[in-house]
Amino acid sequence: MRSVLGFLGVLLVLIPAGLSLSCKKCGKIGVSTCDGPTNACPPDHVCGAIYSVVSTRGVETTKSYTRECFLQKQCTVEAYMSVIANVKSQIGTSCCDTDGCTPPLPKLPAGSTRPNGLVCRTCVSTNSDWCDTYDTVQCSGDETMCILGTTITTGHSLSCTMCLEIGANTCDGPKTTCPPDHMCGAMYSLVSIRGVGTTQGYTRECFLPNQCNIEGYMSILAKVKSQIGTSCCDTDGCTPPLPKLPAVSTKLNGLVCRGCFSTDSDWCDTDSAVQCSGNETMCLLETTITTGARSEKGAVRGCATESLCDIGSHSVDFGNKKITSRYNCTSGIPGLNGRIPGLHSGIPGLHVGSILSFSVAISLTKLTS
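Here the sequence shown stands for residues -20 to -1, 1 to 349, numbered as in mature numbering (1 follows the signal peptide of the UniProt record, and there is no 0).
Following this line, the structure appears as structure tokens:
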């Protein structure tokens, strides 16, 4: 965060050299305010606040707010950046210069979505302060610079329940300490055949903020739909509300994708097509690999809403088993001509596939038995 501010900072009115202020230090995700202890700042610092909002396809998905001691050049910043396709981050800062003062809510710039002809490499890492890729993102508006932002956090970490249950909409399990900047999350999925729910799955674990409040659905085979939702909470040991599932449309939209599933491999391929419906504009291949006391693999291919493609890939360790899942997408097409085009990955996300593959396998076993 401070590295970003260092690049973007502009000067505020100078205060006398050597003066030390007492300022609040706090940080919170999902809100536009926070409170915390008061600390003495280094000389020539002021009390500052930074506010950021992340939006996906123009819809706000995550916001965060931090108060701490700022250098004067870090005040009154307004900036935005394109993280990956369709994901924008708006950032603003503000300051005040008296003991214990509260900075005004920082202003956020109006971000432009009009491409300006420039491109930058784009990548995201949740477990390293480095990432590199050949993938690119189109710059827009006043975005004229390529930026690498790194964060090393040693702050407060939440304790959250980790569990997985097939056939239920709740679960319980041991608590684990989450990485910093994570929240307690839940994911709920429901597989339906001919409109009748057949299998549900529920998991709880540590989520990144951009993994919260997701709603999406997919068509796996003819008459087989899966609805998926996520939810989060941000206090120690909290229980997230039951995730909302989106309304599913059965109206065909003219697009098709290959449709198949496997219960013993992390790959499946077929010449059979499934007709997409509603907002299903993407073809999705979801793979799951489970290692530990019992090893399993699974794969699901079909039509999906774009929100599911944004979930991406993730690994989670439940102690006696580790589940690694990956979402890969291409655009839905009017017809199948040879093999599906090369796949591209979404942003890192939660292990939705672990529940989805298992739930689909159970449901399709019922269908074919």
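Idealized CB from N, CA, C, for every residue including glycine.
{"Item": "To the nearest angstrom, how far is it from the Cα of Met142 to the Cα of Asp79?", "Value": "42 Å"}
{"Item": "Over the uninterrupted alpha helix (DSSP H) stretch that includes Ser287, give me the two end residues.", "Value": "286 to 289"}
{"Item": "Beta strand (DSSP E) containing Ile146: first to last residue?", "Value": "143 to 146"}
{"Item": "DSSP state of Asn190, grouped into three classes?", "Value": "helix"}
{"Item": "What is the rounded straight-line gap between the Cα of Ile327 and the Cα of Cys21?", "Value": "Note on Ile327: pLDDT 30, under 50, position unreliable in the model; the coordinate value appears next. One C-alpha to the other measures close to 37 Å."}
{"Item": "For Glu123, count the other beta carbons within 10 Å of its own beta carbon; 16 or more makes it buried, fewer makes it exposed. Which is it?", "Value": "buried"}
{"Item": "Suppose contacts are defined by Cβ-Cβ distances below 7 Å. Is Ala148 in contact with Tyr182 by that definition?", "Value": "yes"}
{"Item": "For Ser32, list the residues DSSP reports as bridge partners.", "Value": "Ser44, Ile71"}
{"Item": "What's the call for Met125, buried or exposed, on a 16-neighbour Cβ count within 10 Å?", "Value": "exposed"}
{"Item": "Write down the C-beta distance between Leu264 and Leu288 rounded to the nearest angstrom, noting that I regard them as a contact closer than 8 Å.", "Value": "6 Å"}
{"Item": "If you count every other CB in all the chains shown that lies within 10 Å of the CB of Arg174, and 16 or more means buried, which is it?", "Value": "exposed"}
{"Item": "Where does Ile208 land, buried or exposed, given buried means 16+ other C-beta within 10 angstroms?", "Value": "buried"}
{"Item": "In angstroms with no decimal places, state the Cα-to-Cα distance between Arg94 and Ser120.", "Value": "5 Å"}
{"Item": "Look up Gly181 in the DSSP assignment and give the residues it is bridged to.", "Value": "Ile146, Ser169"}
{"Item": "Taking the beta carbon of Arg37 as the centre, do at least 16 other beta carbons fall within 10 Å, making it buried, or is it exposed?", "Value": "exposed"}
{"Item": "Can you name the residues that DSSP bridges to Val26?", "Value": "Phe50"}
{"Item": "Could you name the residues that DSSP lists as bridge partners for Val236?", "Value": "Gln255, Ile313"}
{"Item": "Which residue's Cα is closest to the Cα of Gln52: Arg281, Leu1, Ser62?", "Value": "Leu1"}
{"Item": "When you compare only the Cα positions, how much space is there between Glu58 and Thr73?", "Value": "7 Å"}
{"Item": "Put Ile303 into one of helix, strand or coil per three-state DSSP.", "Value": "strand"}
{"Item": "Let's see if you can read the secondary structure: which residues bound the beta strand (DSSP E) around Thr267?", "Value": "260 to 272"}
{"Item": "Pop quiz: Lys302 and Gly282 are said to be a contact at Cβ under 8 Å. What is the actual Cβ separation, rounded to whole angstroms?", "Value": "Wrong, their Cβ atoms sit about 26 Å apart, outside the cutoff."}
{"Item": "Could you check which residue in Pro89, Thr310, Gly258 has the C-alpha nearest to that of Ser229?", "Value": "Gly258"}
{"Item": "How should Ile9 be labelled, buried or exposed, when 16 other C-beta atoms within 10 angstroms of its C-beta is the threshold for buried?", "Value": "buried"}
{"Item": "Nearest to Thr150 by CA position, among Pro220, Tyr197, Gly7, Ser199, is which residue?", "Value": "Pro220"}
{"Item": "Quick one: measure Cβ to Cβ for Ser206 and Ser169, integer angstroms, because I've assumed they're closer than 8 Å.", "Value": "6 Å"}
{"Item": "Once the 5 residues before and after Val33 are set aside, which same chain residues still bring their CB inside 7 Å of it?", "Value": "Glu40, Lys43, Gln70, Leu88"}
{"Item": "How should Ala29 be labelled, buried or exposed, when 16 other C-beta atoms within 10 angstroms of its C-beta is the threshold for buried?", "Value": "buried"}
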